[in-house]
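Protein chains in written order, with the numbering used here: chain V, 11 to 207; chain B, 39 to 776.
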């Protein structure tokens with residue numbers, strides 16, 4: 011997984027993030043506030059260590075930063091998408107300790123000590139997770155924008171108390187909107203994976 | 039030949055999409071990048087009295103608060119009516135921050151820029167804007183405010199209607215709909231002192247470049263627009279919206295990369311919508327079901343400044359045989375952002391009305407609705423008075439009826455039951471123009487044995503990467519994994535919009551020609567390259583087959599791999615450029631043939647009156663869209679359109695607050711789109727008749743046809759189940775509680 015993240019950084023070099031990366035395992039006792047504080051305290055930052063896809067990241071986060079924006083803008087894992095910022099579309103779905111959550115509804119600083127998994131941690135081209143491979147084979151997407159969230163939900167669903175029928179899958183997948191309407195193929199992809207012993 | 043085309047081909051960009059590696063506009067990040075958040079007007083009509091940026095400017099991390107006085111000059115773009123490399127089109131023509139007049143709720147009035155998204159959000163919230171507010175007009179009742187324009191006319195429909203034995207005269211309403219692609223509109227703008235590089239989510243990078251060059255006051259050579267992946271658009275991303283100019287202007291003012299991601303709320307305010315449309319339909323017929331007249335008079339709302347016409351008569355003149363017809367349009371101005379094309383613009387609202395009216399006529403006549411349509415099948419396009427290039431609506435109707443089991447239908451309202459549920463069976467026909475944009479494309483054969491095909495079009499999600507790779511692979515006789523498809527960059531040969539269902543039809547001739555020319559260049563090289571086995575021979579005596587060059591008449595297996603000649607000639611690649619003219623609605627010459635796709639939807643709904651529960655339980659769709667190049671992605675397109683049609687029929691409506699003018703359901707919990715559980719198993723069938731008058735392969739685009747007619751088919755099914763004729767979408771429980 012380290013390699014995958016390295017690639018993301020290589021594609022999108024960003025001073026701020028590279029510094030963050032160098033601070034992995036930095037001493038937590040350093041002064042964290044780097045700017046003059048405003049009257050509202052909006053200049054504060056909080057030092058946290060987040061475990062994402064098995065790697066620990068030492069981060070200085072604005073406490074207002076959602077887990078979604080933390081992943082995308084601070085850490086540089088842009089596979090997780092923003093579709094509504096209100097927990098209504100599911101595009102930002104990630105796993106926290108194995109359970110699916112809308113990362114836009116959760117603050118980054120709340121997840122110290124938890125295991126966060128994003129689409130980058132599920133599988134990569136050449137080594138796809140069975141759900142990813144099934145999405146590819148079944149054409150379970152069109153534009154691909156909601157796909158990370160759909161796959162994160164689908165992977166979580168495999169371990170949930172979801173009934174055996176397509177109707178059960180549809181219900182369990184209804185927190186993830188696909189505006190392209192690839193639902194029949196999404197259901198087919200999940201059916202294909204669940205059908206395997 | 040023909041090993042890849044027409045075969046179910048998983049998408050070539052699929053591995054990137056399923057692994058989160060496909061880079062969309064807002065995924066681009068650069069050193070020193072800052073974040074811009076627009077400040078939106080909180081009134082819908084009036085003017086700005088003052089903007090107080092003092093508190094916001096002092097907040098941590100803030101780089102600037104831009105407004106009319108410090109954003110720099112932004113110009114209006116001059117719209118033309120071209121569709122090629124020089125096209126300039128947009129729907130909101132006013133340059134952002136141009137004046138202090140507020141014409142719609144949410145209009146951008148300022149822009150906060152800070153070093154993080156959170157700080158930019160906080161700063162945008164801290165900008166204090168005072169307004170002189172006037173009562174906005176967002177009234178949902180539309181009366182013409184412009185002279186009625188006649189769109190199509192033949193015979194004397196008023197006379198025929200007056201004399202007719204059977205008549206229908208009804209008005210059908212469609213509420214404003216918002217495109218709501220899940221990818222938010224976003225712009226990441228870079229300025230290097232001379233040139234802008236804009237990472238956009240654009241259905242037309244070439245047009246986007248041309249518009250932004252004019253708005254920014256630079257030559258178009260100094261604007262590069264890149265859309266490698268886009269999270270769909272449905273028409274909402276056809277033209278640039280004002281955030282793109284704001285992001286670019288801020289990048290220039292600050293000399294820093296700027297990221298601006300539009301919020302979901304702004305998606306309802308600032309980036310277009312399908313307008314409210316009210317259509318009066320008058321039909322008349324003889325007792326035996328022959329149409330004698332058809333009139334369609336519509337009004338659609340538009341914004342205060344822009345004249346957006348929803349062309350509801352797009353399909354009407356040619357759909358059925360009717361000697362007397364008149365179609366008229368008019369606009370009504372409202373304090374809303376500019377409307378814009380949304381999937382199947384014109385035809386989708388138009389067919390909602392006309393195909394509902396056809397069902398009402400069938401009931402009055404006591405004729406089966408499928409039969410009524412078969413009776414009125416035209417011999418030619420009676421509007422343009424030219425033949426159809428390929429029309430198989432009758433086969434769509436009969437095939438759909440057969441696959442659905444329509445013969446079992448009991449036409450009596452509420453008469454059909456299953457498992458304690460009342461069933462409703464309804465159907466509708468559909469049509470969408472088939473046309474072709476101008477297009478250029480390049481194909482290279484490279485010294486590593488691979489090929490590259492490139493075009494400045496983009497993949498909206500329909501599978502354009504895969505189609506161009508298939509086309510190039512097919513023509514070059516190479517497996518698809520040896521073909522690199524490159525799209526979404528204005529530095530490539532100018533390609534078409536992803537819209538109008540005309541991109542696929544456009545890239546076919548351009549890519550085929552480019553590949554042919556690349557082969558010609560390769561054969562010429564084989565006769566001149568030092569050390570070539572074929573040196574000194576005539577290129578005309580050589581042949582290229584599946585990656586190998588061989589003398590004509592000798593087996594391909596005896597040939598030499600093409601990369602050998604590139605190495606001998608010390609060339610990285612030989613290339614060919616192909617181009618094709620537009621045709622149909624996007625051409626410059628009068629068409630000789632009327633080209634359209636056709637189809638039929640058959641819908642079953644279940645109705646539980648005890649708990650007022652309505653569900654779509656089964657849909658069979660049959661589509662005549664010429665040759666289907668990739669049935670895997672093609673079926674997905676039609677299914678996805680039917681899904682959108684379920685949302686359009688049962689859920690979708692943008693509601694404007696009459697007091698403030700705000701779209702008040704501006705989020706995905708209150709503006710409902712179809713979710714997975716709303717969608718039953720869908721059956722899609724293609725009748726494949728290649729339309730070779732459109733291009734050599736006979737392929738038409740299929741992005742829009744699947745949505746046309748769905749709403750009417752569902753409303754017709756709802757009538758059959760409940761006896762309630764709903765003429766205003768969406769169909770809600772309240773409509774059915776009688």
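Even glycine gets a Cβ: it sits at the ideal position worked out from N, Cα and C.
Any beta carbon of chain V sitting closer than 8 Å to that of residue i?
i, result
"residue 154 of chain B", "yes"
"residue 688 of chain B", "no"
"residue 309 of chain B", "no"
"residue 715 of chain B", "yes"
"residue 380 of chain B", "no"
"residue 237 of chain B", "no"
"residue 312 of chain B", "no"
"residue 62 of chain B", "yes"
Does the beta carbon of residue i sit closer than 8 Å to a beta carbon anywhere in chain B?
i, result
"residue 8 of chain V", "Outside the displayed range of chain V (11 to 207) lies residue 8 of chain V, so it cannot be described from this structure."
"residue 208 of chain V", "An answer regarding residue 208 of chain V cannot be provided, because it is not within the stretch 11 to 207 covered by chain V."
"residue 114 of chain V", "no"
"residue 102 of chain V", "no"
"residue 142 of chain V", "yes"
"residue 62 of chain V", "no"
"residue 138 of chain V", "yes"
"residue 129 of chain V", "yes"
"residue 96 of chain V", "yes"
"residue 57 of chain V", "no"
Just grab the DSSP bridge partners of residue i for me.
i, result
"residue 328 of chain B", "In the DSSP output, where bridge partners are listed per residue, residue 328 of chain B has none listed."
"residue 65 of chain V", "V:62"
"residue 464 of chain B", "B:641"
"residue 237 of chain B", "B:226, B:264"
"residue 207 of chain B", "B:320"
"residue 701 of chain B", "B:694"
"residue 73 of chain B", "B:152, B:297"
"residue 483 of chain B", "B:489, B:612"
"residue 338 of chain B", "B:315, B:369"
Quick check on DSSP: helix, strand or coil for residue i?
i, result
"residue 409 of chain B", "helix"
"residue 691 of chain B", "coil"
"residue 589 of chain B", "strand"
"residue 674 of chain B", "helix"
"residue 519 of chain B", "helix"
"residue 180 of chain V", "helix"
"residue 166 of chain B", "strand"
"residue 455 of chain B", "strand"
"residue 777 of chain B", "It is not possible to answer for residue 777 of chain B, since the shown part of chain B is limited to 39 through 776."
"residue 188 of chain V", "coil"
"residue 724 of chain B", "strand"
"residue 252 of chain B", "helix"
"residue 34 of chain V", "Residue placement at residue 34 of chain V cannot be trusted, given a pLDDT of 34 that sits under 50; what the coordinates show is reported in the next sentence. Here residue 34 of chain V sits in coil by DSSP."
"residue 768 of chain B", "coil"
Determine the contact status of residue i and residue j, defining contact as a CB-CB distance below 8 Å.
i, j, result
"residue 103 of chain B", "residue 91 of chain B", "yes"
"residue 352 of chain B", "residue 338 of chain B", "no"
"residue 242 of chain B", "residue 535 of chain B", "yes"
"residue 658 of chain B", "residue 640 of chain B", "yes"
"residue 140 of chain B", "residue 231 of chain B", "no"
"residue 298 of chain B", "residue 190 of chain B", "no"
"residue 157 of chain V", "residue 681 of chain B", "no"
"residue 148 of chain B", "residue 100 of chain B", "no"
"residue 169 of chain B", "residue 78 of chain B", "no"
Could you check where the alpha helix (DSSP H) with residue i kicks off and where it finishes?
i, result
"residue 662 of chain B", "Per DSSP, residue 662 of chain B belongs to no alpha helix (DSSP H); it is in the beta strand (DSSP E), 651-662."
"residue 390 of chain B", "385-403"
"residue 187 of chain B", "Not the alpha helix (DSSP H): residue 187 of chain B falls in the beta strand (DSSP E), residues 187-192."
"residue 602 of chain B", "600-606"
Just to confirm the assignment, what range does the beta strand (DSSP E) spanning residue i have?
i, result
"residue 90 of chain B", "84-90"
"residue 793 of chain B", "The displayed coordinates of chain B run from 39 to 776. Any statement about residue 793 of chain B would go beyond what the structure contains."
"residue 297 of chain B", "296-299"
"residue 668 of chain B", "Here residue 668 of chain B belongs to no beta strand (DSSP E), and DSSP marks it neither H nor E."
Is it the case that the CB of residue i approaches a heavy atom of the ligand ATP more closely than 7 Å?
i, result
"residue 748 of chain B", "Among the components of this structure there are no ligands whatsoever, and the ligand ATP is therefore not found."
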